[in-house]
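Right, one structure below, let's go through it.
In mature numbering (1 follows the signal peptide of the UniProt record, and there is no 0), the protein residues as written are -17 to -1, 1 to 1131.
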């Protein structure tokens, strides 16, 4: 096998060493001699590989020493030390300064919020209810009158007639949309009749808020959206702008927004139990599944939940055996598993409630430890399970019970009403699909009672995580105003000062997290949200590669990192501190080479002008093309994605102002001008004297921390594809983190057809960092490099990876594959011409067999990373199977049984059949989807596998064993580079083809296969400091009525279409009736309906019952966990680098 595989090496072994084709770079300078042939000894082949590898290393080093200009640039910096100072980054001081700046900015927003909340309470108290109010009496801008629908089909959308004000809008750079600063806009949910008396009265008194909105903006021009959300569903926001609907059916309801829910009640421990006995099959079971889906959407990350089904026995619907955090991932598991519930058996309420109480009493798990509740969905029953309540919940009634009668049936609902009223809960009815959204959210009014009764104690600003339009909302509940618990929120924008961040260098950054460990500010926070239901919840440990030390950071602070194709093992220092008066913590990450940075000191204006002239386009032909980083150098500078246009804007502004102008950032501007002069000196002293063509170079370049990228010659700029911002350019950031020369081929994914070498000149970047030592202070202010001509260097590579010269006629054999692969597993160079078009591809796409061997022999290790912020096309639903999920199919015995035909199950199936004649969508097997969710795209998880060099540094050879098709390969790391040199025999047959290793992003399974195990090791979180779940003065007599579904949907006798995405049912709904206004009365309650009360046996006391021992009347405050003022943590771990960290911006 050895002789047959290595015959190429043996035949070439006797040739003399080839001289270097470069003057000044002689092979005799390297102590390597061509080995003598010895075909029978494997070590001879190893010697040849060593020899070829040394030639490659020598060639690369020689080119970089001559053209890179590392030594020359060091001397230029040393000669110009008088033009700059070396400053030190002190992490503790920096993080405290930035945290203090953010605190000051947020304090202004909080003052505006409180001013708005106080005004809302005042206006509502002064409002006089009007029974005869008419639509024409109210003037307001209905944002839906000019709704912009995201409809890719371009269909004409029929809009509802409206008496809305007609406004004119102008483009605004702050909001990135058209706005009107003179008015606020109103949004009313689609399923609420805007002409009802309740809504019109709400619009009447909230009109006065517009003046407060305008006054807030005058006080703080940086304030962005201000939003008022009402318990009636009315949203008033400022400034006015047309509403943007995610699709044709706009089901946005402010009361279902997580920030509203978080402000409406304290955290919750919720157990949902669903009756799946045989009587609920068919339509009723579908209603239950949809109800649970909607109920889960009322929970936020501060809540904990579990879902169980029950008949004779109770069991969890998912793999979760206890309460779990109601985050997006866990809720997604519940939503999927709920669809698998099947109706069968008989009902035993005792089994369901005992399971729920046991879940809530489990103290060995992490939970909210505040509001505790049980939500039961059933079609009805006779048992009141009073003995269960006596055992678990009475007399203190620490657990609220909410009951939901689902479907249309003739059962007596009195037991369900009694259960709710006897346990401080509420009873609801869900007879049809249109009742679900309203009745699965109104339980929040009950939970909000203790908060309302707490008065000023409950007036605390609450902080949430990031939302779709880059807003962090700060909801604050109003005090008791005529019994209504309305909510207000504002949103604001904070832009971190660029100089503080830019002095951290390309790989330094700041981050912020909340109490749940979710990032608010992070380079990898790049959401592509496609629905309004959920906020952006990117866990800190998901924003970076996992490391046990980072879990420690995420307790009182947090950390991170990520580059799409590569992983580097790096060293970072983490420092963090709390942002006072908020729930956030701020962290700072600093690499060791960013401990010091350069600050230009260009006081000489003549020198400023001289260096500035090298930025002018008329100097590019002789001095090389200059790209400048698109930073905010001056306040009036117009930013542009086109660098040529941005440079023109910059030059035009500089003709009007000086670098020392107060409207400009002197740090940024002076450093930019200094680096312009520094890189020009490199052109004069090094690049102009060399002939690039002789050395097959397309370009030479230098990039700096100051924001300059100079590419020489000027014509090479036409094919320059790198980011003009050095801090975002992968070659720049990787060169800083790695020693030696970093090769960067033109990346091409697996689906790319190949490089067009005939019509395009393709280049490979080789770069290295310039490390300075000035007065004992080490720093890396620049990166230099060359761009190799791919085709020319591929030919040169064939010469270098052999024993012949480029003039030899021998060596035309192609039975040996010689390739250079980088540390990410991407092909850089090959001696095979059919490989040239595949340079930049993951090597498994080129030779799967050989790449698998390299991985299996530990030359490469790999790490799987996940992007939880992706958007994907929806997966095609599976409509196979004999019956839809959850549909009860009677057996032959059932059909022949008279008893079965008189049962509730038979009636349910018959009812389901009648509905299916008109509404075929009931029998589709796809899952129920909620409001704001597109049918065309959905959020998803993308998985990418990144490869990197393992710790193997030695030369290695091995056999890819496959019988007569075996291949021998040899691999060796090239010193001072990120390259692996591999020589192997060409495949002899196709019988040994390996499965391709995957590197490109692929869609991950919809749920993490380890999700069930992860919840048993929950990540650290720190819940809210205060809980409002009890108040001695709470009146619990209002606990539900027989007709709870009539949420102000229209005038009497007028039918309205209640739409729930693709499924809709038309039915006449009575409008609101005249009634006396009273605290916490349900919208749409029938006139004169008396509240249900528990039977006398269950009335231990009037009102809400006795409080728990030691519990204050207005709430309880858990002991807060202390957060250190500042902490620093150091780690040398592999991290995924942030994708584009500068300039980072945080939107609140």
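Note that the Cβ used here is the ideal one computed from N, Cα and C, for glycine as well.
- Under DSSP, the beta-bridge partners assigned to residue 359 are 256, 386.
- Contact annotation: residue 693 and residue 768 have beta-carbon atoms that are not nearer than 9 Å.
- In the DSSP assignment, residue 695 falls within the unbroken beta strand (DSSP E) covering 691 to 695.
- A distance below 8 Å between beta-carbons, with the five flanking residues on each side excluded, links residue 171 to the following residues of its chain, in chain order: 125, 127, 177, 182, 216, 217, 218.
- In this model, residue 1004 and residue 310 are separated by some 12 Å (Cα to Cα).
- Residue 922 is bridged by DSSP to 854.
- Closest in C-alpha terms to residue 766, from the list 198, 672, 751, comes 751.
- Here residue 565 is buried. Its C-beta has 16 or more other C-beta atoms within 10 Å.
- Remark: fewer than three beta-carbon pairs, one from each stretch, lie closer than 8 Å, so the segment 420 to 436 and the segment 302 to 317 are not flagged as touching.
- Short of 6 Å from the beta carbon of residue 196, and not among the five residues preceding or following it, lie these beta carbons of its own chain, in chain order: 167, 209, 221.
- Taking C-beta atoms under 8 Å as the contact rule, residue 549 and residue 929 qualify, at a distance of about 7 Å.
- In this structure, DSSP gives residue 433 a helical state, which the three-state scheme calls helix.
- Secondary structure at residue 95: helix, using DSSP grouped into helix, strand and coil.
- Judged by DSSP secondary structure, residue 112 falls outside any alpha helix (DSSP H); it is assigned neither H nor E.
- Contact check for residue 576 and residue 660: beta-carbon distance about 23 Å, past the 8 Å limit, so the pair fails to qualify.
- For the segment 602 to 665, the full-length alpha helix (DSSP H) segments reaching 4 residues or more read 603 to 606, 626 to 637 along the chain.
- For residue 615, the closest alpha carbon among the candidates 605, 649, 591, 604 is that of 649.
- Contiguous alpha helix (DSSP H) elements confined to the segment 262 to 333 occur at 266 to 279, 311 to 321, taking only those with 4 or more residues.
- Secondary structure of residue 126 (DSSP, three-state): helix.
- Under the DSSP assignment, residue 583 falls in the beta strand (DSSP E) whose first and last residues are 579 to 583.
- At a Cβ-Cβ threshold of 9 Å, residue 610 and residue 510 do not count as neighbours.
- Ranked by Cα distance from residue 685, the first of 40, 55, 42, 45 is 55.
- Its chain contains 483, 571 as the residues whose beta carbon lies nearer than 7 Å to that of residue 77, once the 5 sequence neighbours on both sides are disregarded; these appear in chain order.
- The distance from the Cβ of residue 802 to that of residue 32 is about 13 Å, inconsistent with a contact at the 8 Å cut-off.
- Take the alpha-carbon of residue 627 and the one of residue 620: they are about 14 Å apart.
- Assignment of residue 377 by DSSP, reduced to helix, strand and coil, places it in the coil class.
- With fewer than 16 other CB atoms across the displayed protein chains lying within 10 angstroms of its CB, residue 722 is exposed.
- The Cβ-Cβ distance between residue 286 and residue 351 falls below 9 Å.
- Between the alpha carbons of residue 191 and residue 241 lies a distance of about 26 Å.
- By the beta-carbon neighbour count (other beta carbons within 10 angstroms, threshold 16), residue 690 is buried.
- Here residue 679 has 772, 775, 776 as same chain residues with Cβ atoms under 6 Å from its own Cβ, once five neighbours each way along the sequence are excluded.
- Comparing C-alpha distances from residue 527 to each of 849, 815, 428 shows the shortest one belongs to 849.
- Counting only residues of its own chain and dropping the five nearest sequence neighbours on each side, residue 295 has a CB closer than 7 Å to the CB of 328, 329, 331, 334.
- DSSP places residue 211 in the uninterrupted beta strand (DSSP E) bounded by 206 to 212.
- Per DSSP, residue 73 lies in no beta strand (DSSP E) and is assigned neither H nor E.
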